[in-house]
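Heads up: the sequence lines are chains A and B, in that order. Everything in the first sequence is counted per the working numbering, starting at 2 for the first residue and increasing by one. Everything in the second sequence is counted per the working numbering, starting at 8 for the first residue and increasing by one. Beta carbons are placed, not taken as given, at the ideal position from N, Cα and C, and that holds for glycine. Presented below is the structure to which this report refers.
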Amino acid sequence: MILINKDTKVIVQGATGKMGSAHTKRMIAYGTKVVGGVTPGKGGTKIEGIPVFDTVKEAFQATGATTSVIFVPPFLALDAGSEALDAGAELIVLITEGIPPQDAAKLVAQVKAKGAKLIGPNCPGVITPGECLIGILPGSIFKSGPVGMVSRSGTLTYEIALALTESGLGQSTCVGVGGDPIKGMGYEEALSLFKDDAKTEVIVLIGEIGGTAEEEAAAYIKANVKKPVVAYIAGQTAPPGKRMGHAGAIISGGKGTAQSKIEAFEKAGIKVAKTPSEVAKFVAEATKQVARA
Amino acid sequence: MNLYEWEAKKIFQEHGIPVPPSHRITKPEELRKVHLGYPLTLKVQVQSGGRGKAGGIQFAQDLKDGETKAKDLLKMVINGSKTESLLIEPRLKIAREIYLSVTLDRSRGCAIFIASAEGGIEIESSTNVVTMPIPYPYHDYVGRDLAKQIGLTGNLLNKFADLANRLYKLFESKDLELAEINPLIVTDGDEVLALDGKITICDDALGRHKCFAGWQETHMLDLSDREKRSKRAGLNLVELDGNIGILCNGAGLTMATMDLVKAFGGQPGNFLDAGGGSDTEKTLEALEIVHDNPKCDVILVNILGGITACDEVAQALVAFMKRHPERKLIVRLRGNNQDVAEKMLAESGLKLYPELEAAVKQAVEQSKVPAGAKR
Chain A
2 MILINKDTKV IVQGATGKMG SAHTKRMIAY GTKVVGGVTP GKGGTKIEGI PVFDTVKEAF
62 QATGATTSVI FVPPFLALDA GSEALDAGAE LIVLITEGIP PQDAAKLVAQ VKAKGAKLIG
122 PNCPGVITPG ECLIGILPGS IFKSGPVGMV SRSGTLTYEI ALALTESGLG QSTCVGVGGD
182 PIKGMGYEEA LSLFKDDAKT EVIVLIGEIG GTAEEEAAAY IKANVKKPVV AYIAGQTAPP
242 GKRMGHAGAI ISGGKGTAQS KIEAFEKAGI KVAKTPSEVA KFVAEATKQV ARA
Chain B
8 MNLYEWEAKK IFQEHGIPVP PSHRITKPEE LRKVHLGYPL TLKVQVQSGG RGKAGGIQFA
68 QDLKDGETKA KDLLKMVING SKTESLLIEP RLKIAREIYL SVTLDRSRGC AIFIASAEGG
128 IEIESSTNVV TMPIPYPYHD YVGRDLAKQI GLTGNLLNKF ADLANRLYKL FESKDLELAE
188 INPLIVTDGD EVLALDGKIT ICDDALGRHK CFAGWQETHM LDLSDREKRS KRAGLNLVEL
248 DGNIGILCNG AGLTMATMDL VKAFGGQPGN FLDAGGGSDT EKTLEALEIV HDNPKCDVIL
308 VNILGGITAC DEVAQALVAF MKRHPERKLI VRLRGNNQDV AEKMLAESGL KLYPELEAAV
368 KQAVEQSKVP AGAKR
């Protein structure tokens, strides 16, 4: 497992909002150690039985947490992320969708300068099944096991996790890095953690059209990752020039096509599944090979 | 949101980036009121690239010549984009052309300058281009560094650096995705001017720039009526050519569903991503938008509830079926509150498909049955 485990303490920024409170409840129900919430002006109150603080600094000092999950509105996200970083956050999971990309870029610059980790924005979060869920993923479809997953999509991750779980293939950790063009953790950073993780035997990489992150990941895997990787690319039939839901999912100037990504993976010797159920099939074959080796 | 050249230049001017004197007209006879001297440049204002190649820029020797050309230019349609107006500028004597733009780089995760000592070019196909990551926080020396890197010297180095700094500050303060000057010209009188400009404003940031309030309605020109309707409802719709209407939650899942439809021999009629957490009302509007496509023969709904509650979706489906009992509907629904949803839909007689591939196969099969056949 990577990034989070049963001992990870989390605070929730925006815990008293509609989204924040609903998911605070669900994270606690899953077993995540949610130790505090942050809403300026509501310090001293409680939500779902946990204390609410006015500032992240107070929340971190009082609870010993160094991980924050952010559920604030888009225009407040840069400030919320900066506050968490300056308070000493080591891991920030930024769920909010619709953050102006320049704000995301400013946050990414600070994250890099501080050597912290940022997952998101516009992401479903991260889960180490059976131990810790941070974000909005539906915990019930995940199961503990040997498959590490990294993905730009939320619901597609659930689809593929469901296919894996129903085939008896559990997951070590699933990271949804988000669908925005400017984001914190990308494939490479997640892969670099999975490749050294003892529990992860097979890695699933879920990509989509737009940008060149998958092509870069293919080169990184070829050079650095010895574990088997199974890839899936969404948007093989997407028309060029149209933004397919995610801000980052667009084929522009002939770049970012599914074809180019699939070719890059195949050239690097990585199996590319054509359907979500085929991902499970390829992973099952790969785990058998790992077991034999 | 893409701006017209004349709008971009107005904003350039407000930020201290010099542009040629100009006048905008929407009727040929308005040319009589233009006192910029001849020869003049007449440029169609369209939201499409390839304007020059399509003949959208003409020169006029005198008023008569100008009026004749303006009449034709105002009727021009370039790549489906209608001419909004004409921008009239004096024809300038150009000593040198330079390219300059600021945009965001996905791979690096930061803003970048793109510049070239050759302007008026297609930047994608040019080789003599400098790409420079922009540090945050910004400093004015960055503009000088850029000028140096593209080989400028002397007075021009300083003038260019100043413009680059102003362009970046404009880019940052107005939340732009792209600010481009192509070409930036040096006239024979050593004036440095933005001869053509392009500004793309980030849609996600529009809400915090009151100066652009209401602009989106007048700038969504490349969208169909249903695409506009979706945008207003907070849904992501892309029109496609086939007859299977697709409604899912989440961009990746919608694309994957679309790919599966095609892989099983069907033709997607649209891509509609209802996003996360859509409630009954939003889901119902999404269904209506897909339903309203005249080419649509069958609707395929694939919802995997993370933050979307299945019972809210089920309520929308029940309401939709009451309104349109004749519509063929294939539904796959899993996730939060799935059991409640299943019960509601069983009562209304709708069969649910728990497996995605089975649902897609059924939708493809139904799309090949002649219209009018029962669901």
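Helix, strand or coil at residue i [DSSP, three-state]
i	result
B/Phe-271	coil
B/Lys-17	helix
A/Glu-49	coil
B/Val-84	strand
A/Asp-55	coil
A/Ile-234	strand
B/Asp-152	helix
B/Asp-299	coil
A/Ala-85	helix
A/Glu-98	coil
B/Leu-244	strand
B/Thr-194	strand
B/Glu-104	strand
B/Gln-2	In the structure displayed, chain B extends from 8 to 382; residue 2 of chain B sits before or after that span and is not available.
A/Ile-120	strand
A/Val-284	helix
B/Arg-58	coil
A/Val-39	strand
A/Lys-228	coil
Buried or exposed by the 16-neighbour rule on C-beta atoms within 10 Å, applied to residue i
i	result
B/Arg-58	buried
A/Ala-259	buried
B/Cys-218	exposed
A/His-1	The shown model of chain A, from 2 to 294, leaves out residue 1 of chain A, and the question about it has no answer.
B/Glu-333	exposed
B/Asp-266	buried
B/Glu-224	exposed
B/Ser-374	buried
B/Val-84	exposed
B/Asp-52	Position check: residue 52 of chain B holds Gln in this sequence, whereas Asp was assumed. It is buried - the Cβ of B/Gln-52 has at least 16 other Cβ atoms within 10 Å.
A/Gly-179	buried
A/Asp-104	buried
B/Asp-346	exposed
A/Gln-290	exposed
A/Ser-141	exposed
Strand pairing of residue i, partner residues [DSSP]
i	result
A/Met-150	A/Cys-175, A/Val-205
B/Ala-186	B/Val-109, B/Ile-206
B/Ser-92	B/Gln-52
B/His-30	B/Ile-95
A/Thr-258	Answer is none; A/Thr-258 lacks a bridge partner.
A/Thr-68	A/Val-11, A/Leu-92
B/Pro-140	B/Ile-119
B/Cys-218	BP columns for B/Cys-218 are empty, so no partner.
Rounded separation between residue i and residue j - CA only
i	j	result
A/Gly-295	B/Glu-246	With chain A covering only 2 through 294, there is no way to say anything about residue 295 of chain A.
A/Pro-241	B/Asn-256	21 Å
B/Leu-230	B/Leu-244	10 Å
B/Glu-234	B/Asp-69	43 Å
B/Arg-31	B/Glu-14	10 Å
A/Ser-145	A/Tyr-31	13 Å
A/Ile-135	B/Ile-119	33 Å
A/Ala-269	A/Glu-202	19 Å
B/Asp-248	A/Asp-181	27 Å
A/Pro-139	A/Gln-172	14 Å
A/Val-205	A/Ala-274	10 Å
A/Glu-160	B/Ala-258	12 Å
A/Val-73	B/Lys-181	22 Å
A/Ser-22	A/Ile-137	11 Å
A/Ala-114	B/Tyr-11	38 Å
B/Ala-316	A/Cys-124	18 Å
B/Val-199	B/Ile-157	16 Å
A/Leu-77	B/Ala-281	24 Å
A/Glu-91	A/Gln-111	12 Å
A/Ala-16	A/Leu-108	21 Å
B/Arg-173	A/Leu-4	41 Å
Can we say the segment 220-233 of chain A touches the segment 238-245 of chain B, given the rule of at least three CB pairs closer than 8 Å? no
Segment contact, 8 Å Cβ cut-off, at least three pairs: the segment 18-26 of chain B with the segment 269-284 of chain A: no
Under 8 Å, with one C-beta from each stretch per pair, do the segment 33-44 of chain A and the segment 52-59 of chain A reach the 3-pair mark? yes
Is the number of C-beta pairs between the segment 184-197 of chain B and the segment 94-103 of chain B that are closer than 8 Å three or more? yes
Counting Cβ pairs, one atom from each stretch, are 3 or more of them under 8 Å apart for the segment 149-162 of chain B and the segment 237-257 of chain A? no
Would you be able to state if there are at least three C-beta pairs under 8 Å between the segment 268-288 of chain B and the segment 207-221 of chain B? no
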